[in-house]
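Written below as structure tokens is the structure these notes are about.
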Amino acid sequence: EGRVEVYHDGKWGTICDDQWDDRDAEVVCRQLGLSGNPKALSWAHYGQGSGPILLDEVECSGNELSLDQCKKSDWGQQNCDHIEDAGVSCDPFTAPLPQDPTGFLCMAPTRAVRAGGREQAVEGTLRLAGGRSPREGRVEVYYSGDWGTVCDDGWTDLGAQVVCRQL
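Just so it is clear: in the sequence shown, position 125 is 125 by the UniProt record's numbering, and no numbers are missing.
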């Protein structure tokens, strides 16, 4: 948790809290690799920053992978003071994903299409394979025209949460 700062054009700066909401916080938490219950905080809740205010009027849908994909003002275009610096809390203990005794369960639609009788997926698409239901299984990723598995070295519940969110 803390004040959100972004790096752009060689400098760090803050984000104005105009339009700032939990959907924006969700994207920030995702971009930082954090899970939980994202909460947007306004009015310099974590203290006022210094230096430039780099973004204003950020309006994410909540599905973006980074703030750069969200609707927002042009870099450096803002009408704010640091008393309006945006913050987020990405509390990992407030929103656990559903689990059962065998592990994580999640929905697993595949972003793939059939072309010429052959499956073609978007590079980086994930799927679950070999499970007892579509909501569980071995994690596979589509890369260079083939589906491959993901090594479990260092695999934790956090990784499973990211996969479930991405699916």
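Each residue gets a CB set at the ideal place from its N, CA and C atoms; glycine is no exception.
Secondary structure of residue i, DSSP reduced to three states
| i | result |
| --- | --- |
| residue 91 | strand |
| residue 137 | strand |
| residue 8 | strand |
| residue 59 | strand |
| residue 252 | The chain is shown from 1 up to 167; residue 252 falls before or after that span and cannot be answered. |
Span of the alpha helix (DSSP H), counted from its first residue to its last, around residue i
| i | result |
| --- | --- |
| residue 27 | 22 to 31 |
| residue 157 | 157 to 166 |
Residues bridged to residue i (per DSSP)
| i | result |
| --- | --- |
| residue 40 | 88 |
| residue 67 | DSSP lists no partner for residue 67. |
| residue 142 | 147 |
| residue 16 | 85 |
| residue 132 | BP columns for residue 132 are empty, so no partner. |
N-terminal and C-terminal residue of the beta strand (DSSP E) that residue i is part of
| i | result |
| --- | --- |
| residue 124 | Neither: residue 124 is in no beta strand (DSSP E) and is coded neither H nor E. |
| residue 34 | No beta strand (DSSP E) contains residue 34, which DSSP labels as neither H nor E. |
Close beta carbons around residue i, own chain, < 7 Å, minus the five adjacent residues each side
| i | result |
| --- | --- |
| residue 61 | 23 |
| residue 69 | none |
| residue 171 | Nothing about residue 171 can be read from this structure; the chain reaches only from 1 to 167. |
| residue 116 | Note on residue 116: pLDDT 44, under 50, position unreliable in the model; no value is reported. |
| residue 47 | 3 |
Residues near residue i by beta carbon distance below 6 Å, same chain, minus five either side
| i | result |
| --- | --- |
| residue 18 | 56, 57 |
| residue 12 | 5 |
| residue 41 | 87 |
| residue 139 | 150, 163 |
| residue 74 | none |
| residue 147 | 140 |
| residue 51 | 13 |
C-beta contact flag for residue i and residue j at 9 Å
| i | j | result |
| --- | --- | --- |
| residue 124 | residue 142 | yes |
| residue 8 | residue 53 | no |
| residue 59 | residue 16 | no |
| residue 165 | residue 66 | no |
Beta-carbon contacts of residue i that lie in its chain and below 8 Å, excluding the five residues immediately before and after
| i | result |
| --- | --- |
| residue 33 | 158, 162 |
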